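S.K.: Provided herewith is a single structure, encoded as structure tokens, for subsequent inquiry.
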Amino acid sequence: MTPTKQLVSKMNDYQKEQLDTVSVVKTGLSRMGEVGRRELMVCIDSYMAFRKTVDEFLSSHFRDICTETCFASQTSACCGKDSIITFFADTVVNALAATPNQLDLLEHVLLSENTGHRCVYLSPDGCVWTVRPIVCAMFLCDRAMEAVFSQWPEAKTQWNDLRCREKDFKWPDQPVLFDHLEKVFLNLGLRSSLMHLNFSPGLLNVKRKAGLLL
Ligand code: SF4
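Converting from the sequence shown to our numbering requires adding 545 to each position, the first position being numbered 1.
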């Protein structure tokens with residue numbers, strides 16, 4: 546999808562950065578071809594299994610309260626900010642999992658003018674990511690946590706365990722998937738400002754302290 550100058554002029558900087566990352570990922574996937582794409586699918590296998598476990602947990606413990614408290618009363622705070630932190634790996638995983646139509650829809654929604662009162666990825670039919678960014682998947686508001694965990698303390702233990710497992714994919718004090726995915730595209734000569742694990746001073750420091758960088 547090639548955006549017109551008129552559409553681009555209505556986008557904010559966050560939207561442009563996100564759209565640029567989608568474009569970098571699509572370019573990389575097309576350069577690496579079917580074999581490279583299949584290799585990446587194997588790489589993200591355990592992450593996708595983790596995401597399935599998170600979805601099942603949320604569905605069994607939080608679906609009712611989130612539906613009643615937020616969606617029915619239209620007071621949802623989850624998707625009310627116009628920008629959320631996304632990682633380059635989020636966009637890669639989503640592009641691998643999405644159909645061409647789903648990716649087109651994401652780009653189309655991203656190109657729409659945003660008034661700043663809702664997430665740039667929120668369409669009338671909901672979120673347009675096929676695999677939501679990790680930050681969104683692991684977000685629970687204090688009110689929902691209090692309501693559920695006070696009734697089912699064992700759910701809190703499960704949630705804390707999932708939060709720990711999340712780090713195994715994205716916290717670079719060890720070799721992690723999110724870092725690997727950035728490097729695959731860097732090795733193709735591609736770069737994005739969302740490659741936080743390779744360019745954020747804070748995360749580079751984490752790697753340095755763990756002895757993973759000179
Ligand atoms: S990316 Fe999707 S889930 Fe995350 S805040 Fe935006 S609309 Fe909500």
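Just so you know, even glycine gets a beta-carbon here, dropped at the ideal spot from N, CA and C.
Fair warning: this is a prediction, and the values are worked out from it, not measured in the lab.
With H, G and I counted as helix, E and B as strand and the rest as coil, what does DSSP make of Ser604?
M.R.: helix
S.K.: Would you mind listing the beta strand (DSSP E) stretches within the stretch 554-578 that are 3+ residues and don't spill past its ends, in chain order?
M.R.: none
S.K.: Between Tyr666 and Cys623, is the Cβ-Cβ spacing less than 9 Å?
M.R.: No, these two residues do not count as a Cβ contact at 9 Å.
S.K.: Cβ-heavy atom distance between Gly578 and the ligand SF4 below 8 Å?
M.R.: no
S.K.: Can you tell me whether Gly756 is helix, strand or coil according to DSSP?
M.R.: Gly756 falls in the coil class under three-state DSSP.
S.K.: My understanding is that Thr566 touches Leu739, with C-beta atoms under 8 Å, so please give their C-beta distance in whole angstroms.
M.R.: 5 Å
S.K.: In chain order, which continuous runs of the alpha helix (DSSP H) of length 4 or greater are located wholly inside the stretch 615-666?
M.R.: Those alpha helix (DSSP H) runs which fall completely within the stretch 615-666 and span 4+ residues are 633-642 and 645-655.
S.K.: How should Val737 be labelled, buried or exposed, when 16 other C-beta atoms within 10 angstroms of its C-beta is the threshold for buried?
M.R.: Contrary to the premise, residue 737 reads as Ser rather than Val in this sequence. Ser737 comes out buried.
S.K.: Just mark Thr660 as buried or exposed, buried being the case when its beta carbon has 16 or more other beta carbons within 10 Å.
M.R.: The residue in question, Thr660, is exposed, as its Cβ has fewer than 16 Cβ neighbours within 10 Å.
S.K.: Quick one: using the 10 Å Cβ neighbour count with 16 as the cut-off for buried, is Thr644 buried or exposed?
M.R.: Burial call: exposed.
S.K.: Report yes if the C-beta distance between Gln563 and Thr675 is below 9 Å; otherwise report no.
M.R.: No, the pair does not count as a contact, with Cβ atoms beyond the cut-off.
S.K.: Using a threshold of 9 Å, state whether the C-beta atoms of Val654 and Val673 are closer than that.
M.R.: yes
S.K.: Kindly indicate which residue of Val693, Val751, Ser568 and Lys555 has the alpha-carbon position closest to the one of Leu651.
M.R.: Ser568
S.K.: Under 9 Å, do Trp704 and Phe602 count as touching if we go by C-beta distance?
M.R.: yes
S.K.: State the start and end residues of the unbroken alpha helix (DSSP H) segment that holds Gln696.
M.R.: Asp687 to Gln696
S.K.: Given this structure, state the Cα-to-Cα distance separating Lys715 from His725, to the nearest angstrom.
M.R.: Between Lys715 and His725, the C-alpha separation is close to 10 Å.
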